[in-house]
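*Asks:* Right, I'll just put the structure down here and ask away after.
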Amino acid sequence: MITADDIGRRVQGGAGRVGILRDVIADYEDPAELPGERRKRAMAFLGAERGGREWAVPPDAVAPAAAGPRGGRPVGPSPAR
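In short: position in the sequence shown from 1, add 12, done, that's the numbering used here.
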């Protein structure tokens, strides 16, 4: 299972989709559910490597992915030159 320490790293969800881990929220409530039906649950948010829509996955279904074009290093802004 991944944790907040893995944010920015390349990961793979249970369905085989690979992306960058954007966040892990322990007590996420889906705003699309009706207020009386919402329940808190852990959720990991992944983003496409080259931009695009973010998607949510239970963190126990996410694992580190093989090194990609950036060699598995965290993704973020480049250091100032």
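No residue lacks a Cβ here, since even glycine has one placed at the ideal position from N, Cα and C. For clarity, every value in this text was computed on a predicted model and none was experimentally measured.
1) In whole angstroms, give me the CA-to-CA distance for Arg-53 and Asp-35.
2) With DSSP as the reference, label Gly-48 as helix, strand or coil.
3) Give every residue of the same chain whose Cβ lies closer than 7 angstroms to the Cβ of Pro-43, excluding the five residues on either side of it in the sequence, and list them in chain order.
4) Quick one, are the C-beta atoms of Asp-22 and Ile-32 less than 8 angstroms apart?
5) According to DSSP, what are the bridge partners of Asp-53?
6) Under the rule that 16 or more other beta-carbon atoms within 10 Å means buried, what is Leu-46, buried or exposed?
*Replies:* The structure says:
1) 14 angstroms
2) helix
3) none
4) It is worth fixing the name first, because residue 22 is Arg in this sequence and not Asp. Yes, they are a contact pair.
5) The question names Asp, but residue 53 in the sequence shown is Arg. Per DSSP, Tyr-40.
6) exposed
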